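For the record, the sequence lines run as chains V, P and L. Just add 213 to the spot in the first sequence (first one is 1) and you have my numbering. Just add 787 to the spot in the second sequence (first one is 1) and you have my numbering. Just add 133 to the spot in the third sequence (first one is 1) and you have my numbering. Where is the CB? At the ideal position from N, CA and C, for every residue including glycine. Since the structure is predicted, the reported quantities are computational estimates derived from the model, not experimental observations.
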Amino acid sequence: MAWLTALLNQPGPATALVVATISLSSFAVAYYPRSLIAFLLFQVSILLLYFAQIPRWLKRSLAFVSLGILMPILGTINGYYLEVATQVGIFVALALGLNIVVGLAGLLDLGYVAFYAVGAYTWAIFGSPQAGRFISESVAHFPLAGGWFFVFLVLGVIVAAIFGILLGLPVLRLRGDYLAIVTLGFGEVIRVLANNLDKPINLTNGPQGITPISRPPLFFQPLLTAVGIPASPTVLYPLYLYGLVLLIVGVVILVNRRLEDSHIGRAWEAIREDEVAAQAMGVPLVRMKLLAFACGASFAGVMGVIFSAKQVFINPESFTFLESIGVLSMVILGGMGSIPGAILGATAVTVLNLQVLKGLSLWLNSLRNAGVTILGYNLANLPTQLEPAKYERMIFGIILVLMMIYRPQGILPARRRSRELGGSK
Amino acid sequence: MKRYSMYAKVGIALAVALLLIPAAVLAGQAKGTIKIATQSPLSGDQSAPGEGIKLGTQLAIEQLKGPIEKLGFKVELVPFDDQAKPDVGVANARNIITDKDILAVIGHYNSGVAIPSSEVYKEAMLVEISPANTNPLITDRNLLNVNRVCGRDDVQGAVGAEFAKSLKIKSAYVIHDKTTYGQSVAEFFRDNAKKLGIEVLGFDGTEEKSNFDPILTPAKAKNPDLIYFGGIYSQGAPLFKQAREKGIKAKFLGPDGLDSSDLAKIGGKAVVGMNYTTVAGPVTVYPKAKEFAKAYKEKFKKDPEPFAAQAYDSTAIALKAIEAAIKDAGGKMPSRDAVSAAVRKTKHSGLTGNIEFDEKGDPKKALYFVMHVVSEDPAKWNDNKEVKRLEIAAPPLKK
Amino acid sequence: MDTSLLIAIFPQVLLDGIVLGFMYALIALGYTMVYGVLEFINFAHSEIFVLGAFVGVEILLALKFWGMLDTFSPFLLLGFLLLAGMAASGLLAVAVERVAYRPLRGAPRLIPLISAIGVSFSLQDIIRLFESLWNNAFNLVYPTFDQLNFRFQLTETIDVSVKSLVVIAAALLMLWALHLIVNRTKVGKAIRAVAEDQATASLMGINVNRIISLTFLIGGAMGGAAGVLFGVQYSLINPYTGFIPGLKAFTAAVLGGIGNIPGAMVGGLVLGLLEAFAASYLSLLTGGAFGAEYKDIFAFSILILILIFRPKGLLGEVVKERA
Chain V
214 MAWLTALLNQ PGPATALVVA TISLSSFAVA YYPRSLIAFL LFQVSILLLY FAQIPRWLKR
274 SLAFVSLGIL MPILGTINGY YLEVATQVGI FVALALGLNI VVGLAGLLDL GYVAFYAVGA
334 YTWAIFGSPQ AGRFISESVA HFPLAGGWFF VFLVLGVIVA AIFGILLGLP VLRLRGDYLA
394 IVTLGFGEVI RVLANNLDKP INLTNGPQGI TPISRPPLFF QPLLTAVGIP ASPTVLYPLY
454 LYGLVLLIVG VVILVNRRLE DSHIGRAWEA IREDEVAAQA MGVPLVRMKL LAFACGASFA
514 GVMGVIFSAK QVFINPESFT FLESIGVLSM VILGGMGSIP GAILGATAVT VLNLQVLKGL
574 SLWLNSLRNA GVTILGYNLA NLPTQLEPAK YERMIFGIIL VLMMIYRPQG ILPARRRSRE
634 LGGSK
Chain P
788 MKRYSMYAKV GIALAVALLL IPAAVLAGQA KGTIKIATQS PLSGDQSAPG EGIKLGTQLA
848 IEQLKGPIEK LGFKVELVPF DDQAKPDVGV ANARNIITDK DILAVIGHYN SGVAIPSSEV
908 YKEAMLVEIS PANTNPLITD RNLLNVNRVC GRDDVQGAVG AEFAKSLKIK SAYVIHDKTT
968 YGQSVAEFFR DNAKKLGIEV LGFDGTEEKS NFDPILTPAK AKNPDLIYFG GIYSQGAPLF
1028 KQAREKGIKA KFLGPDGLDS SDLAKIGGKA VVGMNYTTVA GPVTVYPKAK EFAKAYKEKF
1088 KKDPEPFAAQ AYDSTAIALK AIEAAIKDAG GKMPSRDAVS AAVRKTKHSG LTGNIEFDEK
1148 GDPKKALYFV MHVVSEDPAK WNDNKEVKRL EIAAPPLKK
Chain L
134 MDTSLLIAIF PQVLLDGIVL GFMYALIALG YTMVYGVLEF INFAHSEIFV LGAFVGVEIL
194 LALKFWGMLD TFSPFLLLGF LLLAGMAASG LLAVAVERVA YRPLRGAPRL IPLISAIGVS
254 FSLQDIIRLF ESLWNNAFNL VYPTFDQLNF RFQLTETIDV SVKSLVVIAA ALLMLWALHL
314 IVNRTKVGKA IRAVAEDQAT ASLMGINVNR IISLTFLIGG AMGGAAGVLF GVQYSLINPY
374 TGFIPGLKAF TAAVLGGIGN IPGAMVGGLV LGLLEAFAAS YLSLLTGGAF GAEYKDIFAF
434 SILILILIFR PKGLLGEVVK ERA
């Protein structure tokens, strides 16, 4: 790998390599739309782009081209890739949010998915006929028109932040492990509430979930038809949502950067390192902790709103402890307290789950169907219950254990005091 | 100067990439393969009937793909595991509609999964033929692409209540599993039972999978003649088992969610002698299904589960419709709209009877059975006795 | 509100609560012992508990397969299952400690906790993997024993099954045995010493590592016994069954005072009773508005309330003095 790092460190060859890999992999995906390896190569090439030491303007424009132009094109070829990319984007935002709570402030939140659920249900209830079940027609007509979606993006932030503060209040004085368990309990409480608030008044429709949820209007569709590109909503919506996710992720990264470098971020890191000393130095513990919870929660909240609009259907099953641990493993893998780390972790884990495991499953199934034999053992005899795509927990678990033992600082540890020099990231 | 040459490099590379892509897109069109997808639980505690649906479809494709192959297309099965969870079903559905070769979906097993997933299929007008979903809402939404070959819960609940009345039941305690399916069929049973004069002592829902004490203790205290469980066998069997262990002497009754050999496997002695209503039943109740049962056993080394025959018939209908649509399209790959329309028009004489769809996708006449469990041995599930058989038309759409 | 109904179900609910409580108590012991010695929540204990249940069911299924299920008295069989379950779980606990916790002994608190979570998750799927390969199913059912289901009629309205009595008796036996070990043997003294002050204990010649392993072994064994009893009582298990009881048992341990062994027993019983009563009476009292589904949040709410108002627990916690 040393030759790779050396190559990436020189602007000229690095650019060539990155551009070559990006274009080659895009070509590969276009030619073999159903090959998961081709798409994986495309993602790896974007990763190379990150590590390459090339001038910032170049890097930014290449990133814009690959994520903003190539990706949508690849997405139209095979909608599944767009789905993966959108999921990655959502989890990046979630990981960044949890990164604030766990990585910066050192508060182990095991119930993070609760804020995601709160955001999702906020839009789901009002953006679907659901609200009509407990608010009479005379007050308002539900579902709200698609345009309200943008209002609810902001609302999702606020509601989630409120829940974040609600969670923060009772746990202020708890020490680390108790805090973890209580946050876990909180996550479960939210899930059980979502599951059971179908009586006495039907708020969440219980385990049956809420559907159909309105999506934001395709305001640019008339524009496109005028220009001569006829595209059906089936094609446009995934692209629209992908773009939206990308935008929000950008905002989240920006906010994170600002927070990290501000006195708030430093206060959080001080709390993480030594609460008593921080307090002695004048850091207002209560306010900072609550702020951490609220900030982290708000990122999850806004993504929740987008998630419910994207899925058109949500139910409590999407917000279990497994998801919380998934996001935690992303932060741990990437590096606690590190923004690029959180992004890398989110991408890696999501890709692992959505593509690699699933690809393994499909491959195993095709081997089974073909009756391939390995060392005299006919794979068709493999138990039907064995399905690699289901073993997400094992992936998360092994990541967590291995990272803790061998590299607790993560793959891209936070560089506490380093700043960008020249044109490199 | 250096900057300039890099600019050039970038520009050229990107131009190449952008030029190549459209070319590749046009070149790489898939041709010649038609796929039929199945969505059913293949893992977890409801996998028995889910597997049955997949295998029934597989057998049908193998036996009936001849005519389509003659027209130049290969036919393949693409099974999906919806894990009996709505969000997984929806995620799979999104995946399914992006694969342009898939022209039909056979599934689901759970109504609660089918309803949101069918909203996704609707986006692409992909036809769904359900072998097992009984909730009225499936077809009451009047979607052109959703059909089923089995009966409905509003009728099934009534059949159950009538049967309970015939057993001289005076009081019943109704429990459901809080899913779209279970809660709805339990409600139908309860409403019909009340109309027939049976006292409904309680109506409770639970998602619990192991510890039913909290729900059984009040039930036992009220001492009903009958306990009706609206839900799936994976939950019903332990519920019945623990009920007997708690000393509850009431009779048990339930809907087609209990129709699976695993009910006997899990419930053991507790379920022997109980009754259930179903829209499928063991394969032995269908006179035309003997060949199917033999072929199934030979190929898959086990007896067909309930709903496997229904899946076979659904697939047969799909294949017939696809064949007709190909011919209509002049030998080319038909559109999903065309296949949907063709399915709705198809008349088929299958293993489970003559199937013809009404204007909302229900079969014009559907079969309902009341069955009696004879043994705790799961291998003997197909020996369950048929107590009653009814053929009832689907209720029309309420305006 | 039907008060006669409420009164009528009282004895049964009480019994349900006691059985549940003893099970929580046994699991809670594992958490409390490990916390007392290492100040660390062994998140993976819920899977150690469930492994006991799986070992039990595999043995029973094997016997059933060989047609030997009826040749032994169920009580003898149960005893054997308990021993097997305890051994398996104890060994698993020791292994987990060696592999995932020992390397992290000196690290800041969060690190081993995260590792524990990782172990818990991996174990769930490893059990699932094993069962999928071995049985092609991972939702397993305990075969029924008629002798265990026989019910005694105590009064007109109260009857109790042999099974419940057996579960309670077995649990009491375990607890008594543990009490003896911890308080009457040299080894128990060593455990208490390590729990109080690791450094001084090692100066006194105690092999701290060995004692820690032993603690995990004993705690794990208790969990394994609870697993077998759980399987016998409720019949249906899968790799994920351990999670919620594990969480509740931890709540029970905190309720009684973490690190405090009698506290875990008391906490388990109290929690079990509270939960059984909440579950059975809640729907009757609120007319169906809030039912048994809320019993899980009940436990968590108790946890939060305790931690806010009485963090030391009912019997006071027993943890290291901080320097």
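What does L:S294 reach in chain P if we use C-beta pairs closer than 9 Å? Position 161 of the third sequence, counted from the first residue, corresponds to residue 294 of chain L. Within 9 Å Cβ-Cβ: E1032, K1033 and G1034.
Helix, strand or coil at P:P809 [DSSP, three-state]: Numbered from its first residue, the second sequence carries residue 809 of chain P at position 22. Unreliable positioning characterises P:P809 in this predicted model, as indicated by a pLDDT of 43, which lies under 50. The coordinate reading is nonetheless provided below. Residue state, collapsed to three classes: helix.
By the 10 Å Cβ neighbour count, where 16 or more other Cβ atoms means buried, how is L:M337 classified, buried or exposed? By one-based count along the third sequence, residue 337 of chain L stands at place 204. Answer is exposed; the Cβ neighbour count stays below 16.
Limits of the unbroken alpha helix (DSSP H) element including P:D1124: One-based indexing of the second sequence puts residue 1124 of chain P at position 337. Residues R1123 to K1132.
What residues in the stretch 397-415 of chain V bring their beta carbon closer than 8 Å to a beta carbon of chain L? L397, G398, F399, E401, V402, V405, L406, N408, N409, K412 and P413
I need the boundaries of the beta strand (DSSP E) containing V:N415, first residue and last residue. Start at 1 with the first residue of the first sequence, and residue 415 of chain V comes out as number 202. Neither: V:N415 is in no beta strand (DSSP E) and is coded neither H nor E.
Rounded straight-line distance, which links the Cα of L:I174 to that of L:Y168: Mapped onto the third sequence, residue 168 of chain L falls at position 35. Mapped onto the third sequence, residue 174 of chain L falls at position 41. Approximately 6 Å, taken between the alpha carbons.
In chain P, which residues lie with their C-beta within 7 Å of the C-beta of L:R106? Any question about residue 106 of chain L goes unanswered here, given that chain L covers just 134 to 456.
Quick one: Cα of L:S416 to Cα of P:S997, how far? Within the third sequence, numbered from 1, the residue matching residue 416 of chain L stands at position 283. Within the second sequence, numbered from 1, the residue matching residue 997 of chain P stands at position 210. Approximately 19 Å, taken between the alpha carbons.
Any idea which residues DSSP pairs P:H963 with across the strands? Locating residue 963 of chain P in the second sequence gives position 176, where the first residue counts as 1. Bridge partners of P:H963: P:G992 and P:G1017.
Delimiting residues of the beta strand (DSSP E) encompassing L:I174: Counting from one through the third sequence, the residue named residue 174 of chain L turns up at place 41. L:I174 -> no beta strand (DSSP E), and no H or E assigned at all.
Taking L:F233 and V:V315 to be in contact with their CB atoms under 8 Å, please state how far apart those CB atoms are, rounded to whole angstroms. Numbered from its first residue, the third sequence carries residue 233 of chain L at position 100. Numbered from its first residue, the first sequence carries residue 315 of chain V at position 102. In the sequence as displayed, the identity of residue 233 of chain L is Ala instead of Phe. Actually they are not in contact, since the Cβ atoms of L:A233 and V:V315 sit about 20 Å apart, beyond 8 Å.
Where L:K296 falls: helix, strand or coil (DSSP): Your numbering for residue 296 of chain L matches position 163 in the third sequence. In this structure, L:K296 counts as helix in the three-state DSSP scheme.
Alpha helix (DSSP H) containing L:I250: first to last residue? As a working mapping, residue 250 of chain L is identified with position 117 in the third sequence. Segment L243 to N268, the alpha helix (DSSP H) holding L:I250.
At a CB-CB cut-off below 9 Å, which residues of chain P make contact with V:G340? On the first sequence, position 127 is the one that residue 340 of chain V refers to. Going along chain P, no residue has its Cβ under 9 Å from V:G340, so there is no contact; the nearest lies around 15 Å.
Where does L:G338 fall in DSSP's three states? To locate residue 338 of chain L, count along the third sequence from 1; it is residue 205. Correct three-state label for L:G338: coil.
Of all the CB atoms in chain V, is at least one closer than 7 Å to the CB of P:D888? Along the second sequence, read from residue 1 onward, the residue named residue 888 of chain P stands at position 101. Closer than 7 Å: no.
Residue nearest to P:A919 in terms of C-alpha spacing, selected from P:A1051, P:N897 and P:E1092: Sequence index remark: in the second sequence, residue 919 of chain P carries index 132 (1-based). The shortest C-alpha separation from P:A919 is found at P:N897.
Which complete alpha helix (DSSP H) runs does the stretch 328-386 of chain V hold, if anything under 4 residues is left out? 361-384
Which residues does DSSP list as the beta-bridge partners of P:E1153? The residue labelled residue 1153 of chain P in the question sits at position 366 within the second sequence. What sits at residue 1153 of chain P in the sequence shown is Ala, not Glu. P:A1153 pairs with P:I1179.
With DSSP run on the structure shown, which of helix, strand or coil describes V:Y293? Residue mapping note: residue 293 of chain V aligns to position 80 of the first sequence, counting from 1. Helix at V:Y293.
What number of angstroms, rounded off, separates the C-alpha of P:V1157 from the C-alpha of P:Y1063? On the second sequence, position 370 is the one that residue 1157 of chain P refers to. On the second sequence, position 276 is the one that residue 1063 of chain P refers to. P:V1157 and P:Y1063: Cα-Cα distance of roughly 6 Å.
Identify, in the order they occur along the chain, each residue of the same chain with its Cβ nearer than 8 Å to the Cβ of V:G398, setting aside the five sequence neighbours on each side. Residue mapping note: residue 398 of chain V aligns to position 185 of the first sequence, counting from 1. For V:G398, where only same-chain residues beyond five positions count, the Cβ hits under 8 Å are G324.
If you reduce the DSSP assignment to three classes, tell me which class L:L202 lands in. Counting from 1 along the third sequence, the entry for residue 202 of chain L is found at position 69. In the structure shown, L:L202 sits in coil (DSSP, three-state: anything other than H, G, I, E or B).
Just how far apart, CA to CA, sit L:A240 and L:L350? Within the third sequence, numbered from 1, the residue matching residue 240 of chain L stands at position 107. Within the third sequence, numbered from 1, the residue matching residue 350 of chain L stands at position 217. Their backbone Cα atoms lie some 23 Å apart in a straight line.
Curious, which full-length beta strand (DSSP E) runs of at least 3 residues does the stretch 381-462 of chain V contain? none
Could you pull out every residue in the same chain whose Cβ sits closer than 8 Å to the Cβ of P:D1170, ignoring the five residues on either side in sequence? Taking the first residue of the second sequence as position 1, residue 1170 of chain P is located at position 383. So the list reads P1069, T1071, V1161 and S1162, once near-sequence residues are dropped.
On the DSSP bridge assignment, give the partners of P:G899 in chain order. In the second sequence, the residue the question calls residue 899 of chain P occupies position 112. For P:G899, which the question treats as bridged, DSSP gives no partner whatsoever.
At the level of alpha carbons, what is the spacing between L:G379 and L:L404? By one-based count along the third sequence, residue 379 of chain L stands at place 246. By one-based count along the third sequence, residue 404 of chain L stands at place 271. Taking the straight line from one Cα to the other gives about 13 Å.
Roughly how many angstroms separate the alpha carbons of L:G353 and L:A228, rounded to a whole number? Here residue 353 of chain L is taken as the residue at index 220 of the third sequence, counted from 1. Here residue 228 of chain L is taken as the residue at index 95 of the third sequence, counted from 1. Going by the C-alpha atoms only, they are around 11 Å apart.
Determine, using beta carbons only, whether V:Y604 comes closer than 7 Å to chain L. Position 391 of the first sequence holds residue 604 of chain V. By this cut-off, V:Y604 is an interface position.
Hey, would you say L:L243 sits closer than 7 Å to V:G389, going by beta carbons? By one-based count along the third sequence, residue 243 of chain L stands at place 110. By one-based count along the first sequence, residue 389 of chain V stands at place 176. A contact, by the Cβ cut-off of 7 Å.
Pairwise C-alpha distance: V:P430 and V:L368: For this step, residue 368 of chain V is matched to residue 155 along the first sequence. For this step, residue 430 of chain V is matched to residue 217 along the first sequence. Between V:L368 and V:P430, the C-alpha separation is close to 18 Å.
Distance CB(P:D964)-CB(P:Q1022) smaller than 7 Å: On the second sequence, residue 964 of chain P is found 177 positions in, with the first residue counted as 1. On the second sequence, residue 1022 of chain P is found 235 positions in, with the first residue counted as 1. The answer is yes: Cβ separation under 7 Å.
The stretch 334-348 of chain L: which residues have C-beta closer than 7 Å to a C-beta of chain P, in chain order? none
Mind listing the chain L neighbours of V:A393? Cutoff is C-beta to C-beta under 7 Å, in chain order. On the first sequence, position 180 is the one that residue 393 of chain V refers to. Here the neighbours are L246.
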